[in-house]
Amino acid sequence: MALNFNQYAAEGNAFLKNYAKEMNLGEDRDKAGRILSSILHALRDIIPTEESLQLISQFPMFLKAIYVNGWTIKKERPKIKKMAEFIDLVRKHDGVSAVNDFEYSDDVAEQYIDTTFILLRKYISLGEMEDIRDGLPKDLKTMIYSNIMF
Numbered sequence: 071m072a073l074n075f076n077q078y079a080a081e082g083n084a085f086l087k088n089y090a091k092e093m094n095l096g097e098d099r100d101k102a103g104r105i106l107s108s109i110l111h112a113l114r115d116i117i118p119t120e121e122s123l124q125l126i127s128q129f130p131m132f133l134k135a136i137y138v139n140g141w142t143i144k145k146e147r148p149k150i151k152k153m154a155e156f157i158d159l160v161r162k163h164d165g166v167s168a169v170n171d172f173e174y175s176d177d178v179a180e181q182y183i184d185t186t187f188i189l190l191r192k193y194i195s196l197g198e199m200e201d202i203r204d205g206l207p208k209d210l211k212t213m214i215y216s217n218i219m220f
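Here it is as structure tokens:
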């Protein structure tokens, strides 16, 4: 299998361009990239490692790279039970840019999370989405459940 890094970069850039458009971010691919990686890293923190491995097996190379960037597998996962706690975790992963990226608004953050899962549905099987949803606390199931059929 030949590694075609130019193809991976082209696919990643095309995805980010579309992602920025769908998120109503204009052409700000930097902001789109920070939001995407923050959401994926927060998800990675709260689902079991085995589930993460099953998830990334379905991702194209550019999404795998985003997902695993900086990943340290920990035995203990954060106890996130409410959407507000998940949003706080997303903001934590975004660091100092969170103020700009999420506009101090949980509604904006939740909209970004919902849109992200809708767009990721292109790469993730229905069964895997259901597996992820089934492992989430009740209050977080909606971020997958409401978008599972797209």
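First residue of the sequence shown? That's 71 in my numbering, and the numbers climb one at a time after it. Even for Gly, the Cβ is constructed at its ideal location relative to N, Cα and C. This structure is a prediction, so every number in the text was calculated from the model and none was measured.
**Prompt:** Which runs of the alpha helix (DSSP H), 4 residues or longer, sit entirely within the region 111 to 168?
**Reply:** Taking 4 residues as the minimum length, the alpha helix (DSSP H) runs contained wholly in the region 111 to 168 are 119 to 126, 131 to 138 and 153 to 164, in order along the chain.
**Asked** For the alpha helix (DSSP H) that contains residue 87, what are its first and last residues?
**Response** By 1-based counting over the sequence shown, the position of residue 87 is 17. Element bounds for residue 87: 75 to 92.
**Request:** With DSSP as the reference, label residue 191 as helix, strand or coil.
**Result:** By 1-based counting over the sequence shown, the position of residue 191 is 121. It is coil, neither helix nor strand.
**Prompt:** Shorter than 7 angstroms from the beta carbon of residue 200 to some beta carbon of chain D?
**Reply:** In summary, chain D is missing from the structure at hand, where a single protein chain is found.
**Asked** To which residues of the same chain is residue 205 closer than 8 angstroms at the C-beta, ignoring the five residues directly before and after it?
**Response** As a working note, residue 205 is residue 135 in the sequence shown. Result list for residue 205: 117, 118 and 121, in chain order.
**Request:** Evaluate the contact criterion for the region 101 to 117 versus the region 145 to 164: three or more CB pairs, one atom per stretch, below 8 angstroms.
**Result:** The region 101 to 117 makes contact with the region 145 to 164: 3 or more CB pairs, one atom from each, lie closer than 8 angstroms.
**Asked** Which stretch, first to last residue, makes up the alpha helix (DSSP H) that contains residue 197?
**Response** To locate residue 197, count along the sequence shown from 1; it is residue 127. Element bounds for residue 197: 196 to 204.
**Request:** Report the rounded CA-to-CA distance for residue 202 versus residue 214, giving the unit in angstroms.
**Result:** Taking the sequence shown and counting its residues from 1, the one referred to as residue 202 is at position 132. Taking the sequence shown and counting its residues from 1, the one referred to as residue 214 is at position 144. Spanning the two alpha carbons is a distance of roughly 8 angstroms.
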